[in-house]
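Protein chains in written order, with our numbering: chain L, 856 to 1265; chain R, 856 to 1265.
Beta carbons: idealized from backbone N, C-alpha and C, even for Gly.
Okay, structure first, notes after.
There are 2 protein chains.
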Amino acid sequence: MKEFLAQAKASTQIIATLDGKTKNIILNEMADALLENTKAIVNANVKDMEAGKRANLDTALLDRLLLDEGRVEAMANSLREIAVLKEPVGRVLEGWVNDDNLRIEKVSVPIGVVGVIYESRPNVTSDVAGLCFKSGNVAILKGGKEAEHSNRAIAKVLQEVLVKNKLPKEIISLLPDATREGVAKLIKEDEYVDLIVPRGGEALIRFISKNSSVPVVKHDKGLCHTYIHRDASHIKALSIAVNAKCQRPGVCNAMETLLLDKEIARVLLPGLYKAFVDAGTKLKGCNVTREFIFVEPATEVDYNTEYLANILNIKVVSGIEEAIAHIGKYGSGHSEAIITENYSAAEKFMNAVDAACVYVNASTRFTDGGVFGFGAEVGISTNKLHARGPMGINELTTYKFKIYGNGQIR
Amino acid sequence: MKEFLAQAKASTQIIATLDGKTKNIILNEMADALLENTKAIVNANVKDMEAGKRANLDTALLDRLLLDEGRVEAMANSLREIAVLKEPVGRVLEGWVNDDNLRIEKVSVPIGVVGVIYESRPNVTSDVAGLCFKSGNVAILKGGKEAEHSNRAIAKVLQEVLVKNKLPKEIISLLPDATREGVAKLIKEDEYVDLIVPRGGEALIRFISKNSSVPVVKHDKGLCHTYIHRDASHIKALSIAVNAKCQRPGVCNAMETLLLDKEIARVLLPGLYKAFVDAGTKLKGCNVTREFIFVEPATEVDYNTEYLANILNIKVVSGIEEAIAHIGKYGSGHSEAIITENYSAAEKFMNAVDAACVYVNASTRFTDGGVFGFGAEVGISTNKLHARGPMGINELTTYKFKIYGNGQIR
């Protein structure tokens, strides 16, 4: 392990200073190589699929695991899309001349060695490898055990392209010990590893956050709310609420609890009820809600649950203060929305709610690197530091200060 | 502890949304209150000083511990200087309209609860409290045990001003359990604490980095180098080298090892030797160095030592590659300099050396928040993420995305 990590660390110098044009050529070569090796990748995937079926993985998981010709082609296209992103390294973030006539530039640089830990989808292997490569980082990848053969086949193809270009294959590699113990070791190696990005189940993320001595940017749960204020446009409220819950319930930026101002509960609840029932949503409600519509009671546990399914809690609140307090207590700091035509209410909500993304009059479903215009997305950070919210390729860089003098001493 | 932390966390809402004018008035009131309570603070400090003398603390430590009328006045002035800094909260860092006609703003916001762990100087208590307050954060302070009475007296004065202004006193407080065990507990409370800033000895920082589940921005050691390239101006080289080592040898941005290009070793070493001996520097050298000047041998241990004293290693290197490799191996990623008139050598060094601050033709001593123009300095981060290098008050903020819509759904 130490030897592997030392080699990974040593490779940072080489990838960090590689010019953008060369990196983009190599990314396109990687895309070509994935296509050329489609058969080998699909064959490796067959082994994973067979093992998965033997292990009785559910169909949703098996679907995520599957690689066919089309999916390999999509992986290749992702790499080509990463290639056309604007060069993330060497951006001058700020620049000034100080009182000593030193010219100071704050310049983006790669982070170094980035460990990414993820679950079943094998396409993440090439996506993350491409993003790390483009941003000048060495990638150590640890995918799901169930995708082991697929990930190995993909990494092999990418490494062959590196070697063909006389680059160390350690620039992109799979964690050699892909067990839980291997991960436990990796996250303690702060001398060699500069960042850990865990994308996966809550238990995994909690384990890594608690035990890592390497900085962690986590891609944690989204327990998102929409608050319909008393001065909301009813039409906007209805369409945004349904969209936030139902357009894709299984993702982190979908709404889990709808907060409804008591002044408009009586007027809005019947329409909301009909719209959600039509959309197949299973509704739960607080006691006040249940005075108006016939739904199951929502419990404390429900308010704390990221359903990732077409289930919604409805809670009637006395006003904006209670809405903000509820979000403060149950929210995961991901995406929160207020629907209102009231200027002061909107301002208050946007300032007081502590979340990566706060919305007025729009669906929380927009929290996404692609939608924000960042291009390929590394993830959606629920950290407060380094990167918060949608992470684009620029969030895989840090900065250094370059100071240009002409003999200055202090 | 939990109850204390819960109250600290609950106070974040209040301080985070306090307007700049009010914060600045309160900072000036705190400065007034420190002056009014000079006698009580100095009396408390007398107790610490007496205990320190009984415990045979060395004179340098006792000097750092001492508070007299002048030093209390300096603390008050620091708070007034913090008050005039530009408001760090609510800066629009970026803003754009996306394809969905959503107006997206990336806006600076406070981090939340910040724990700062530091050593003997009691003035740090009011400095850090002021910086956290101005940036809208709740501060939990843990000073050195030897400064306990002084820190309590200072915190009491600041808290009285908070209470007078109807603010919770938890906005600025000392860690109730100021033992090592208390710190060990604090750094595991990621539910309540958003950032830990350790400023202190290497052992403390290592302990915190290894064990904290809260993100850490560390103020670690500075093992800094100056490389005199073969095309250096000899006059600049000499004056920068002496300045980097001798102007204040006890600080983190002072040079510990001078790297000298072999092409100019013979010409420069006698002059360097004389200048350093005149400045009272104890020199150590590699074997090649010792062919030209009479100094002790520099060992592997020496190259790894942050002397914080007027001692310097001199190593002759074959060229820029070896200089960069040496810095990669022994440097702490703090501040590194090249002295050269050669454009390509300067560019190569500035790009390849992985440090918070890289210099061409200037002394590493300039790495400082004040010198950079940031105003009061929180510290110099040796982290790569969130904040790197000199940390001003802006580095005590993070960001959120505010998204303004008019009914958009996905």
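What three-state label does DSSP hand R:I1148 in the structure shown?
On the second sequence, residue 1148 of chain R is found 293 positions in, with the first residue counted as 1. Of the three classes helix, strand and coil, the one that applies to R:I1148 here is coil, per DSSP.
Three or more C-beta pairs closer than 8 Å, one from the stretch 918–935 of chain R and one from the stretch 883–890 of chain R: is that the case here?
Cβ pair count under 8 Å is three or more, so yes.
Could you name the residues of the stretch 1049–1078 of chain L whose beta carbon sits closer than 9 Å to any beta carbon of chain R, in the order they occur along the chain?
Hits within the stretch, in order: D1049, L1050, S1064, K1065, N1066, S1067, S1068, P1070, V1071 and V1072.
For chain L, find out if any of its Cβ atoms is closer than 8 Å to the Cβ of R:G1260; answer yes or no.
Position 405 of the second sequence, counted from the first residue, corresponds to residue 1260 of chain R. Interface residue, yes.
Please confirm if the stretch 949–965 of chain L is in contact with the stretch 898–911 of chain L, defined as three or more CB-CB distances below 8 Å between the two stretches.
The stretch 949–965 of chain L is not in contact with the stretch 898–911 of chain L.
Check each residue of the stretch 963–997 of chain R: if its Cβ is closer than 7 Å to any Cβ of chain L, include it; give the result in chain order.
So the close ones are I966 and G967.
What residue from L:K1137, L:T1160, L:G1228 and L:L873 has the CA that sits closest to L:V944's CA?
Along the first sequence, read from residue 1 onward, the residue named residue 944 of chain L stands at position 89. Shortest Cα-Cα distance from L:V944 to any of L:K1137, L:T1160, L:G1228 and L:L873 involves L:L873.
Count the other CB atoms within 10 Å of the CB of R:T1081; is the residue buried (16 or more) or exposed (fewer)?
Mapped onto the second sequence, residue 1081 of chain R falls at position 226. By the 10 Å Cβ count, R:T1081 comes out buried.
How about L:C1101: is its C-beta nearer than 8 Å to some C-beta of chain R?
What you label residue 1101 of chain L is simply residue 246 of the first sequence in a count that begins at 1. For L:C1101, the answer is no, since every Cβ of chain R falls outside 8 Å of its Cβ.
Taking any Cβ of chain R, which residues in the stretch 1234–1252 of chain L have a Cβ under 9 Å from it, in chain order?
Taking 9 Å as the Cβ-Cβ cut-off against chain R, the residues of the stretch 1234–1252 of chain L that qualify are N1238, K1239, L1240, H1241, A1242, R1243, G1244 and P1245.
With 8 Å set as the bound, which would you pick, yes or no: does the beta-carbon of L:G1228 sit closer than that to a beta-carbon of chain R?
Numbered from its first residue, the first sequence carries residue 1228 of chain L at position 373. Yes, its Cβ sits closer than 8 Å to a Cβ of chain R.
Would DSSP call R:R1243 helix, strand or coil?
Working through the second sequence from its first residue, we reach residue 1243 of chain R at position 388. In this structure, R:R1243 counts as coil in the three-state DSSP scheme.
Flag L:I1264 as yes if its beta-carbon sits less than 8 Å from any beta-carbon of chain R, otherwise no.
Here residue 1264 of chain L corresponds to residue number 409 of the first sequence, with the count starting at 1. Closer than 8 Å: yes.
Consider the Cβ of L:R946: report whether some Cβ of chain R lies at a distance smaller than 8 Å.
For this step, residue 946 of chain L is matched to residue 91 along the first sequence. With a threshold of 8 Å between beta carbons, L:R946 makes no contact with chain R.
Exposed or buried, which one is L:P965 when buried takes at least 16 other CB atoms within 10 Å?
Taking the first residue of the first sequence as position 1, residue 965 of chain L is located at position 110. The residue in question, L:P965, is buried, as its Cβ has 16 or more Cβ neighbours within 10 Å.
As assigned by DSSP and simplified to three states, the class of R:E1196:
Within the second sequence, the letter at position 341 stands for residue 1196 of chain R. DSSP, reduced to helix, strand and coil, places R:E1196 outside both helices and strands of the structure shown, so it counts as coil.
To test your reading of the DSSP string, which unbroken beta strand (DSSP E) runs of 3 or more residues are found completely within the stretch 1106–1147 of chain L?
Fully enclosed beta strand (DSSP E) runs of 3 or longer: 1110–1116 and 1137–1140.
Residue range of the alpha helix (DSSP H) that includes L:F1227
Residue numbering aside, residue 1227 of chain L sits at position 372 when the first sequence is read from its first letter. G1224 to F1227 is the span of the alpha helix (DSSP H), which, as asked, contains L:F1227.
Best match in L:F1229, L:I1063, L:K1184 and L:A1039 for proximity to L:L1078 [C-alpha to C-alpha]
Position 223 of the first sequence holds residue 1078 of chain L. Comparing Cα positions, the closest option is L:K1184.
With a cut-off of 8 Å, does the C-beta of R:A1164 fall near any C-beta of chain L?
Position 309 of the second sequence, counted from the first residue, corresponds to residue 1164 of chain R. No, no contact with chain L.
Would you list, in chain order, the members of the stretch 1093–1123 of chain L that have their beta-carbon closer than 7 Å to a beta-carbon of chain R?
Of all residues in the stretch 1093–1123 of chain L, S1094, I1095, N1098 and Q1102 have a Cβ within less than 7 Å of some Cβ in chain R.
Just the C-alpha distance for L:L940 and L:N879, rounded to the nearest angstrom, thanks.
As a first step, residue 940 of chain L must be located in the first sequence, where it is residue number 85. As a first step, residue 879 of chain L must be located in the first sequence, where it is residue number 24. Computed Cα separation, rounded: 9 Å.
So, at 7 Å on beta carbons, what are the nonlocal neighbours of L:D1086 in its own chain, with the 5 sequence-adjacent residues on each side left out?
One-based indexing of the first sequence puts residue 1086 of chain L at position 231. T1195, E1196, N1197 and A1200.
Between which two residues does the alpha helix (DSSP H) harbouring L:R935 extend?
For the purposes of this step, residue 935 of chain L is identified with residue 80 of the first sequence, where counting begins at 1. Per DSSP, L:R935 belongs to the alpha helix (DSSP H) from E924 to V939.
Buried or exposed for L:R1220, please, with buried defined as at least 16 other CB atoms from any protein chain shown within 10 angstroms of its CB.
Position 365 of the first sequence, counted from the first residue, corresponds to residue 1220 of chain L. The residue in question, L:R1220, is buried, as its Cβ has 16 or more Cβ neighbours within 10 Å.
R:T1237 - DSSP class collapsed to helix/strand/coil:
Taking the first residue of the second sequence as 1, we reach residue 1237 of chain R at position 382. DSSP places R:T1237 in coil when its eight states are reduced to three.
Since L:C828 and L:I1175 are thought to touch, with beta carbons under 8 Å apart, how far apart are those beta carbons, to the nearest angstrom?
Because chain L here runs from 856 to 1265, residue 828 of chain L falls outside it and cannot be looked at.
Which same chain residues, not among the five before or five after L:R946, have their C-beta less than 6 Å away from its C-beta?
Taking the first sequence and counting its residues from 1, one reaches residue 946 of chain L at position 91. The residues are S963.
Scan the stretch 950–1005 of chain L and note each continuous alpha helix (DSSP H) run of 4 residues or more that stays entirely inside, going in chain order.
DSSP runs (the alpha helix (DSSP H)) wholly in the stretch 950–1005 of chain L: 978–989.
What in chain L is Cβ-close to R:L912, meaning under 9 Å?
For this step, residue 912 of chain R is matched to residue 57 along the second sequence. The contacting residues do not exist; R:L912 stays about 30 Å from chain L at best.
When burial is assigned at 16 or more other CB atoms within 10 Å of the CB, is L:R1054 buried or exposed?
Reading the first sequence from its first residue, position 199 is the one you call residue 1054 of chain L. Here L:R1054 is buried, its C-beta having at least 16 other C-beta atoms within 10 Å.
Using the DSSP secondary-structure output, state which residues sit across from L:Y1047 in a beta bridge.
As a first step, residue 1047 of chain L must be located in the first sequence, where it is residue number 192. Paired residue(s): none; L:Y1047 is not in a bridge.
So with CB distances below 7 Å, who are the chain L contacts of R:L957?
Walking along the second sequence from the start, residue 957 of chain R turns up at place 102. By Cβ distance, chain L contributes A1217 and F1221.
How would you label R:F1149, buried or exposed, when you count the other beta carbons within 10 angstroms and need 16 or more for buried?
As a working note, residue 1149 of chain R is residue 294 in the second sequence. Burial call: exposed.
Within-8 Å CB hit, L:T872 to chain R
Within the first sequence, numbered from 1, the residue matching residue 872 of chain L stands at position 17. So, interface residue.
Say whether chain L places a C-beta atom closer than 8 Å to the C-beta of R:V1184.
As a first step, residue 1184 of chain R must be located in the second sequence, where it is residue number 329. In the sequence under discussion, the amino acid at residue 1184 of chain R is Lys, which differs from the Val named in the question. Judged by the 8 Å Cβ criterion, R:K1184 is not in contact with chain L.
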